[in-house]
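Structure record follows, encoded as structure tokens.
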Ligand SMILES: NC(=O)c1ccc[n+]([C@@H]2O[C@H](COP(=O)([O-])OP(=O)(O)OC[C@H]3O[C@@H](n4cnc5c(N)ncnc54)[C@H](OP(=O)(O)O)[C@@H]3O)[C@@H](O)[C@H]2O)c1
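Numbering (the numbering used here), first residue to last: 1018 to 1335.
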């Protein structure tokens, strides 16, 4: 599978990233191992997690997803070299109440490395902006980790255009490492945030972009078409907001494009993202082996210009 470089880093990923926020939530450890094996065996290589996954599940405190990935890596040492491991810090306040302070990052990386049972994180992301910490402090904390060989490259998630511009400017002015990747929410139903300036900035800066909620929490699979469908999975409530005329128009365009290619709507929605200007790869989580196989097919599906236009036009009006 053709690999894509992440910004100016030396990391290269296949154009579909596994989202591991389901581990410890809707996926237990045995199933997680099977899903990861299948994902890597199908030629894909990047896994996205975070220190806080999946603390929202009853009985969890965060760290369960990294712990499962660590056990999987430990069980098959040759895997580590095949995987581009992405994790995040800073969604929860650190010990000093600041998510991206030097202290919080220094403690966060050790805890993540321990849970992941590895000596390095390939791509370490600021999970969300921390306006209480100067960006120079955050970037110099990352610089220390890169020098120590604990982190290969850094990135950010959920940035504002202004915040990202400031981070890139500070990195250049102070000769600190820069964010090589941005991770925004982006999919056929949620286009506004990425397409209003963030994409242009990432393109200008030559950054990698890995987008999340690529399937709009499963809505773009087409399995939720009415309120009666919302009980089909633990995520039903998250997609209710898309049950409107625009959402239905998008699903009908996906049905049309998918049927013509012998694909599923989810695969067509992911292929649209993979072809989208400025996007390096979408992230999607999967809860079954069939879904992993489907993600691998999506990574290989190349839609024609006409097919892409049908989907882009159906999702206008955002
Ligand atoms: N940076 C951030 O702030 C941030 C925030 C959120 C998420 N993320 C990342 O993005 C990842 C993905 O987010 P997400 O899982 O919430 O949303 P998503 O990728 O939009 O939705 C994934 C869900 O869709 C269903 N699905 C997956 N593949 C399918 C297929 N081929 N056919 C039909 N249904 C399919 C599964 O749900 P069911 O089987 O339950 O129906 C799956 O859990 C997370 O794991 C995380 O790594 C990052």
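The C-beta atom is built at its ideal place from N, Cα and C for all residues, glycine as well.
Just so you know, these numbers come straight off a predicted model, no measurement behind them.
| Item | Value |
| --- | --- |
| If you measure from the CB of residue 1304, is any heavy atom of ligand 1 nearer than 7 Å? | yes |
| Using the beta-carbon count (16 or more within 10 Å), is residue 1323 buried or exposed? | exposed |
| Return yes when the C-beta of residue 1283 is under 7 Å from any heavy atom of ligand 1, and no when it is not. | yes |
| For the beta strand (DSSP E) that contains residue 1202, what are its first and last residues? | Run containing residue 1202: none; DSSP gives neither H nor E here. |
| Report, in whole angstroms, the separation of the C-beta atoms of residue 1306 and residue 1170, which I expect to be a contact under 8 Å. | Actually they are not in contact, since the Cβ atoms of residue 1306 and residue 1170 sit about 31 Å apart, beyond 8 Å. |
| Starting from the N-terminal side, write out each stretch of the beta strand (DSSP E) that is 3 residues or longer and does not extend beyond the segment 1161-1242. | 1168-1174, 1196-1200, 1225-1228 |
| I want to check one thing, is the minimum distance from the CB of residue 1252 to the heavy atoms of ligand 1 below 7 Å? | yes |
| For residue 1143, does the three-state DSSP call read helix, strand or coil? | strand |
| What residue from 1253, 1112, 1108 has the CA that sits closest to residue 1141's CA? | 1108 |
| By how many angstroms is the C-alpha of residue 1304 removed from the C-alpha of residue 1160? | 36 Å |
| Using the C-alpha atoms, what's the distance from residue 1122 back to residue 1290? | 31 Å |
| Would residue 1318 and residue 1284 qualify as a contact pair, given that the criterion is a beta-carbon distance under 8 Å? | yes |
| Okay, do the segment 1127-1146 and the segment 1098-1118 touch, 3+ Cβ pairs below 8 Å being the bar? | yes |
| With a threshold of 7 Å on Cβ separation, who are the neighbours of residue 1282 within its own chain once the five nearest residues in sequence on each side are excluded? | 1237, 1238, 1239, 1268, 1271, 1272, 1275 |
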